[in-house]
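Asks: To convert, count from 1 in the sequence shown and add 141; that's this note's numbering. Ideal Cβ placement from N, Cα and C applies to all residues, glycine included. All values derive from a computational prediction rather than experimental measurement. Before anything else, here's the structure in question.
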Amino acid sequence: MTTYAIIGGTGLTALAGLELDQAQTFETPWGAPSAPVQRGHYAGRPVLFLARHGHPHRIPPHQVNYRANLWALKEAGAEAIVAVNAVGGIHAAMGSGHLCVPHQLVDYTWGRGHTFFEGADLEHVTHIDFSFPYDEPLRQRLLGALRRLQLPHSDHGVYAATQGPRLETAGEIVRLERDGCDVVGMTGMPEAALARELGLPYACLALVVNP
């Protein structure tokens, strides 16, 4: 049985219904993660949970230690990651409460620790294939669950990852729309790329909170 890790974003600093077995504190080569990794069972399945912004919500998006978070989840035994992100809606269909399972992303962030492949002791340069940033089988499992629950959702979309912590200007939203983006958030990158570097299937469940 696959051990899923859920990364909770704004509004999801604790997972209701999680039967908690233990909370593990990790020290990684990249420092401390945002919060302890909670290990337990959800709906009868083993699951890990990590609050991306800490618990309580205290770490802004540009200061999240994404490398430590992903490393800790891998060390804890995660085999796939579902990232929950609160986003703004750009496309007209993305109104408040709408769910989107993105199929692509555009990265507008800067200055974040964005790779595990750096430092003087590297054996060789590594270039991951990031053409399709989200794991398609995992995306399809999320979409199947949304269909079963009859929740309004989009089965594709382009996620724009911006720097934050401020919200975007109206002019920037026009630019993102012109670039083909459907939703905008501040935490989708480098999280997705780091998961790919660790070989962890990764998909995003985005909830529109700000149309």
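Mind listing, in chain order, the continuous alpha helix (DSSP H) runs of no fewer than 4 residues lying wholly within the stretch 165-193?
Replies: Correct list: empty.
Asks: Measuring CB atoms only, is the stretch 171-186 touching the stretch 154-162, in the sense that at least three cross pairs come out at less than 8 Å?
Replies: Cβ pair count under 8 Å is three or more, so yes.
Asks: Pull up the distance between the alpha-carbon of alanine 286 and that of alanine 219, whole angstroms please.
Replies: Counted from its first residue, the sequence shown places residue 286 at position 145. Counted from its first residue, the sequence shown places residue 219 at position 78. Looking at the two C-alpha atoms, the distance is approximately 20 Å.
Asks: I'd like to check one pair, leucine 240 with leucine 339: are the Cβ atoms closer than 8 Å?
Replies: Counting from 1 along the sequence shown, the entry for residue 339 is found at position 198. Counting from 1 along the sequence shown, the entry for residue 240 is found at position 99. Result no, Cβ atoms of leucine 339 and leucine 240 do not sit closer than 8 Å.
Asks: Which value, in whole angstroms, describes the spacing of the CA atoms of histidine 191 and threonine 267?
Replies: The count along the sequence shown starts at 1 and reaches residue 191 at position 50. The count along the sequence shown starts at 1 and reaches residue 267 at position 126. In the sequence as displayed, the identity of residue 191 is leucine instead of histidine. Whole-angstrom Cα-Cα distance: 27 Å.
Asks: Helix, strand or coil for isoleucine 200? Go by DSSP, reduced to three states.
Replies: Numbered from its first residue, the sequence shown carries residue 200 at position 59. Note: isoleucine 200 maps to coil in three-state DSSP.
Asks: Nearest to glycine 158 by alpha carbon, out of Thr143, Gly172, Arg186?
Replies: By one-based count along the sequence shown, residue 158 stands at place 17. Residue Arg186 is the option with its Cα nearest to glycine 158.
Asks: Identify every residue that forms a DSSP beta bridge with glutamate 88.
Replies: It is not possible to answer for residue 88, since the shown part of the chain is limited to 142 through 352.
Asks: Could you check if threonine 143 is buried or exposed, using at least 16 other CB atoms within 10 Å of its CB as the buried criterion?
Replies: The sequence position of residue 143 within the sequence shown is 2, counting from 1. Label assigned to threonine 143: exposed.
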